[in-house]
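Step one of this worksheet: look at the structure below.
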Amino acid sequence: MQDTNVMLEARSLSKRYEDSVLALNEVSFTVEKGEIFAMLGANGAGKTTTINIFFNFIEPSAGEARVDGIVTHKDPLAAKQRLAFVSENVMLYPNFTAIQNLDFFSRLGGRKDYSRSDYHEVLLRVGLQEEAHDKKLRGFSKGMRQKCGIAVAILKDAPAILLDEPTSGLDPKAGFEFMQLLDTLRNEGKAILMSTHDIFRAKEVADSIGIMREGRLVMQKSGAELAAENLENLYLEYMAGKTVEA
Ligand SMILES: Nc1ncnc2c1ncn2[C@@H]1O[C@H](COP(=O)(O)OP(=O)(O)OP(=O)(O)O)[C@@H](O)[C@H]1O
Ligand SMILES: [Mg+2]
């Protein structure tokens with residue numbers, strides 16, 4: 003029987019790109035409502051490929067990704083409605099102000115009911131200082147753009163949020179605040195899937211951590227299982243070729 007708490011699911015997901023690199027090799031995992039799953043792994047391990055399949059930016063070669071039970075490559079529109087995306091390089095309009103970006107992307111997503119004060123409120127929630135709300139993004143730092151990106155994702159109010167290296171390039175305080183924000187979103191019941199190279203923060207915030215190597219999920223453990231472990235040493239062991247967990 004389908005577990006109704008499961009929001010995101012990868013089922014034996016495999017991807018071979020045209021030039022025949024096997025980027026994903028039978029990857030399976032689930033992310034439940036109110037859960038954060040963090041994917042760690044070397045450059046080229048397949049993290050972005052996994053996230054891109056959930057959005058149907060690319061199709062799997064075998065297996066499937068499901069969002070709330072919907073197979074992403076069979077019904078991509080319905081799947082995307084349930085997903086919000088935050089990437090390292092947030093795609094927002096540099097010539098729009100923060101508020102204009104929020105308004106544009108909310109309307110694009112079919113939300114026409116937000117007011118200016120809703121936009122101000124969410125920008126304050128993500129920690130963007132008030133004096134920047136009506137300034138063009140062109141002059142924003144990376145962290146400020148990132149905050150706008152997560153504000154867009156929050157306004158979409160999707161049940162699942164996927165983040166590709168969201169804290170890369172953020173200063174330590176911004177990184178800390180970002181993780182706090184993910185924590186509150188998790189507590190609101192969102193299912194969160196993120197890729198990161200930040201072992202320390204992953205251990206701090208995630209309910210479950212996966213390590214990917216050469217397209218395979220070579221380890222998946224819960225935060226509780228990892229509490230007593232030195233995750234950095236464990237990561238290095240898996241990178242050095244420790245075999246797949248039974
Ligand atoms: N469009 C593409 N065409 C061909 N090969 C690709 C394409 N995108 C990714 N790959 C290959 O697939 C593999 C997985 O790449 P992917 O971007 O998913 O890794 P990643 O884990 O996100 O790495 P990083 O930590 O560097 O972001 C790599 O070998 C990469 O070269
Ligand atoms: Mg990547």
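When we follow the working numbering, the leftmost residue of the sequence shown carries the number 3, and every step to the right adds one. Think of the CB as a built atom: it goes at the ideal place given N, C-alpha and C, for glycine as much as any other residue. All figures in this text were calculated on a predicted structure; none of them were measured in a lab.
Taking the Cβ atoms as the reference, F56 lies roughly 6 Å from V69, within the contact range of under 8 Å. In this structure, the straight-line span from the alpha carbon of I194 to that of S30 is close to 16 Å.
Linking L94 to C150 through their CA atoms gives a straight-line distance of about 8 Å. For G43, the CB falls within less than 6 Å of some heavy atom of ligand 1. Ligand 2 never approaches T52 closely enough for any of its heavy atoms to be under 6 Å from the residue's Cβ.
Distances taken from the Cβ of K158 to the heavy atoms of ligand 2 include none shorter than 6 Å. In this structure E11 touches T32 by the C-beta definition: roughly 5 Å separates them, less than 8 Å.
DSSP, reduced to helix, strand and coil, places E206 within a helical segment of the structure shown. In this structure, the straight-line span from the alpha carbon of K138 to that of F98 is close to 5 Å. In this structure, ligand 2 has no non-hydrogen atom nearer than 6 Å to the beta-carbon of K17.
Burial is judged here by how many other beta carbons sit within 10 angstroms of a residue's own beta carbon; L238 has fewer than 16 and is exposed.
Membership of K17 in the beta strand (DSSP E) is indicated by the continuous run V8 to R18.
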